[in-house]
Amino acid sequence: GCVTTKERGLTEISAGGEALDQRLSLARRYIGDKNWSDAKRNLRLATQISPNDAQVYEVYALFHQSTGELDLAEDYFKEAIDRRPDFSRARNNYAAFLFMLSRFEEARKQLVVVIDDALYSARPQAFVNLGMCESKLGNLIAAKDAYTRALLMEPRNSLALIELGYIALDSGDLALARQYYDKHRDIVRRQSSRALWLGIQLARKQNDRDMEGSLSLLLESWYPNSLEYQFHAKDGQ
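Under this note's numbering, the first residue of the sequence shown is numbered 4, with each subsequent residue one higher.
Here is the structure:
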């Protein structure tokens, strides 16, 4: 699904700016480690340093999203964006949150704003996220355009390569789909379950039994609980 961005953002220019940045970085790290008590402690300290900073609200949103308090998470995302409408990272993360809830049209509207920010460092990822929303909404031409824009900005964007591979596969262009898949495979160390499933389907259509067998073994070994493995097991019956 949509990917949350975690790059370091700009802080307000103030005496407490560096301390604020450190506290929020620690809070993000503890959220990632599911260390809720230390995450909250650092968030409280960040709030004391700059209670009205949009970044503080964004990290609170990520905290509540991670703990399953979704209503609170959404309130904090909205507050972060209201306080700083040009805060593209928060808007992109809010879009990922909405995508997680299958609110694809709302997520798309947020991402349309994000991709207009030419200075946003994670703009290629925002285009990928937009492509995922367009795909879910059935807008395949718009999805293809978004993924292509991502690749123009970041030619080694592995997610865009896989999604374009699926679009090419679905349209019957096996040669193009294989090109996208092979480029993806050259970039990543370990393929995702979605990438392996694309490779398996291509191998079947191209009668490459060796490739199909090796990728099937990887899918079973690495991702036995994935939806892609369930599809594979069902196809093999």
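Glycine included, every Cβ here is placed at the ideal spot set by N, Cα and C.
Q: Identify, in the order they occur along the chain, each residue of the same chain with its Cβ nearer than 6 Å to the Cβ of Ala-145, setting aside the five sequence neighbours on each side.
A: So the list reads Glu-137, once near-sequence residues are dropped.
Checklist entry - Curious, which full-length alpha helix (DSSP H) runs of at least 4 residues does the segment 126 to 154 contain? => result You should have 126 to 139.
Whose C-alpha, out of Asn-38, Gly-35, Arg-31, is nearest the C-alpha of Ala-49? When each option's Cα is compared against that of Ala-49, the closest is Arg-31.
- Return the chain-ordered list of same chain residues with a C-beta closer than 6 Å to the C-beta of Val-131, the five sequence neighbours on each side being excluded. Ala-153, Leu-162, Ala-163.
**Prompt:** At which residues does the alpha helix (DSSP H) containing Glu-231 begin and terminate?
**Reply:** Unbroken alpha helix (DSSP H) run through Glu-231: 230 to 238.
Inset, instruction - Look at Phe-100 and Gln-68 and say whether their C-beta atoms are less than 8 Å apart. - result: It is a contact, given that the beta carbons lie within the stated cut-off.
Notebook entry, point to check: With distances taken between CB atoms, is the gap from Ile-170 to Arg-197 smaller than 8 Å?
Noted result: If you check the CB distance, Ile-170 and Arg-197 do not come in under 8 Å.
- Of all the options Asn-142, Arg-181, Ile-190, which has the alpha carbon lying nearest to the alpha carbon of Glu-157? Nearest option by C-alpha distance: Ile-190.
task = Under 8 Å by Cβ, that's how I've got Ile-34 and Ala-42 pegged, so tell me the actual separation to the nearest angstrom.
result = Yes, Ile-34 and Ala-42 are in contact; Cβ-Cβ is about 5 Å, under 8 Å.
Margin query: I'd like to confirm something about Ile-203: is its beta-carbon nearer than 7 Å to some heavy atom of the ligand HEM, or not?
Written below: Within the structure as shown, the ligand HEM is missing, as the structure has no ligands at all.
Problem - Length of the line joining the Cα atoms of Ala-64 and Leu-27 - result: If you take the alpha carbons of Ala-64 and Leu-27, they lie about 12 Å apart.
Original post:
In three-state DSSP terms, what is Gln-3?
Top reply: For residue 3 there is no data in the structure shown, the boundaries of the chain being 4 and 240.
Around the C-beta of Asn-228, are 16 or more other C-beta atoms found within 10 angstroms, so that it is buried, or is it exposed?
Residue environment analysis places Asn-228 among the exposed positions, since fewer than 16 neighbouring C-beta atoms fall within 10 angstroms of its C-beta.
Q. Leaving out five residues before and five after Met-135 in sequence, what residues of the same chain have Cβ atoms less than 8 Å from its Cβ?
A. Excluding residues up to 5 positions away in sequence, Gly-4, Cys-5, Phe-102, Ala-146, Glu-166 lie with their Cβ nearer than 8 Å to the Cβ of Met-135 in the same chain.
Inset, instruction - State yes or no: is the C-beta of Leu-133 within less than 8 Å of the C-beta of Glu-108? - result: Going by C-beta atoms, Leu-133 is not nearer than 8 Å to Glu-108.
Tell me the DSSP secondary structure of Gln-209 in three-state form.
Note: Gln-209 maps to coil in three-state DSSP.
### Message
Check for me: the alpha helix (DSSP H) holding Glu-72 runs from which residue to which?
### Response
No alpha helix (DSSP H) holds Glu-72; DSSP gives it neither H nor E.
Original post:
Under the rule that 16 or more other beta-carbon atoms within 10 Å means buried, what is Arg-193, buried or exposed?
Top reply: The residue in question, Arg-193, is exposed, as its Cβ has fewer than 16 Cβ neighbours within 10 Å.
Could you give the first and the last residue of the continuous alpha helix (DSSP H) run that contains Phe-100? Start and end: 91 to 103.
Problem - Rounded separation between Arg-106 and Val-62 - CA only - result: Between the C-alpha atoms of Arg-106 and Val-62 there is a straight-line separation of about 21 Å.
(Q) Beta-carbon within less than 8 Å of Arg-44's beta-carbon, same chain only, minus the 5 sequence neighbours each way: which residues are those? (A) Cβ neighbours of Arg-44 within its own chain (closer than 8 Å, five residues either side excluded): none.
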